[in-house]
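To convert, count from 1 in the sequence shown and add 17; that's the numbering used here.
Below is one structure, written out as structure tokens; comments come after it.
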Amino acid sequence: MSISVRPIGPDDTPTVTRVLSESWGGTTVIALHRGELVNAAELPGFVAESGGEVVGVLTYLDQDGSVEIVTVDAVLPGQGAGRALLDAVRALASERGMTRLTLTTTNDNTHALRFYQRYGFDLVALHRDAADEARKLKPAIPAESDGIPIRHHLELELAL
Numbered sequence: 018m019s020i021s022v023r024p025i026g027p028d029d030t031p032t033v034t035r036v037l038s039e040s041w042g043g044t045t046v047i048a049l050h051r052g053e054l055v056n057a058a059e060l061p062g063f064v065a066e067s068g069g070e071v072v073g074v075l076t077y078l079d080q081d082g083s084v085e086i087v088t089v090d091a092v093l094p095g096q097g098a099g100r101a102l103l104d105a106v107r108a109l110a111s112e113r114g115m116t117r118l119t120l121t122t123t124n125d126n127t128h129a130l131r132f133y134q135r136y137g138f139d140l141v142a143l144h145r146d147a148a149d150e151a152r153k154l155k156p157a158i159p160a161e162s163d164g165i166p167i168r169h170h171l172e173l174e175l176a177l
């Protein structure tokens, strides 16, 4: 599958909203470094396309000399969309003179943790019981996933 990546444009709003809603139960997510809810559909980002169809979405925030990746969603996991999106945001951050990429996942998201570490991200912080605090902002966050209690946020970083 050939994948191309481009910045999100105004015409992408319905598709980005659909992809985020399917993955996150809506477009509202928590940005770690802000500690607040953000509408990910309104953030800058990239879309990955294959055969004229959107196969992935990444959103981000510029944050104090780094880029915080807020969401990464591959419509068809394992096909290269996630890696292509990370490559695009990494190139953007480097062009802007940023020193690192950061992101957060939860302790239950073992597939994402494996993916990010294989890409080169390093685990730099464990935010114990952060999911309980996050649920105060977004009560729809489930208590468990794949039989694993969702308790902690894991912060990862990729030095540029």
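Positions of the beta carbon are idealized from the N, C-alpha and C atoms, including for glycine.
Cβ-based neighbour list, L143, same chain, cut-off 7 Å, excluding 5 preceding and 5 following: The residue you call residue 143 lines up with position 126 of the sequence shown. Excluding sequence neighbours, L143 sits near H169 and L171.
Reference G99; option with closest CA among S111, L118 and V74: As a first step, residue 99 must be located in the sequence shown, where it is residue number 82. Ranking the options by Cα distance to G99, first place goes to V74.
Beta-carbon contacts of T32 that lie in its chain and below 6 Å, excluding the five residues immediately before and after: The sequence position of residue 32 within the sequence shown is 15, counting from 1. These residues qualify, in order along the chain: V71.
Cβ neighbour criterion (16 or more within 10 Å) applied to N124: Counting from one through the sequence shown, the residue named residue 124 turns up at place 107. Label assigned to N124: buried.
For T116, the three-state DSSP class (helix, strand or coil): Counting from 1 along the sequence shown, the entry for residue 116 is found at position 99. T116 falls in the coil class under three-state DSSP.
Beta strand (DSSP E) segment containing R23, residue limits: By 1-based counting over the sequence shown, the position of residue 23 is 6. That run of the beta strand (DSSP E) goes S21 to P24.
Buried versus exposed, by CB contacts within 10 Å (16 or more), G8: The structure shown does not extend to residue 8, since the chain is modelled only from 18 through 177, so no value can be given for it.
Unbroken alpha helix (DSSP H) run spanning E150, endpoints: Translated into positions along the sequence shown, residue 150 becomes position 133. E150 -> alpha helix (DSSP H) spans A147 to L154.
Residue of Q80, D149, V87 and V92 minimising C-alpha distance to R117: Position 100 of the sequence shown, counted from the first residue, corresponds to residue 117. Here the closest residue by C-alpha is Q80.
As assigned by DSSP and simplified to three states, the class of G62: As a first step, residue 62 must be located in the sequence shown, where it is residue number 45. Correct three-state label for G62: strand.
Cβ pair count under 8 Å reaching 3, the stretch 24-43 against the stretch 121-140: no
Selected residue, minimal CA-CA separation from V36, among I47, P94, H128 and D90: As a first step, residue 36 is located in the sequence shown; it is residue number 19 there, counting from the start. It is D90 whose Cα lies nearest to the Cα of V36.
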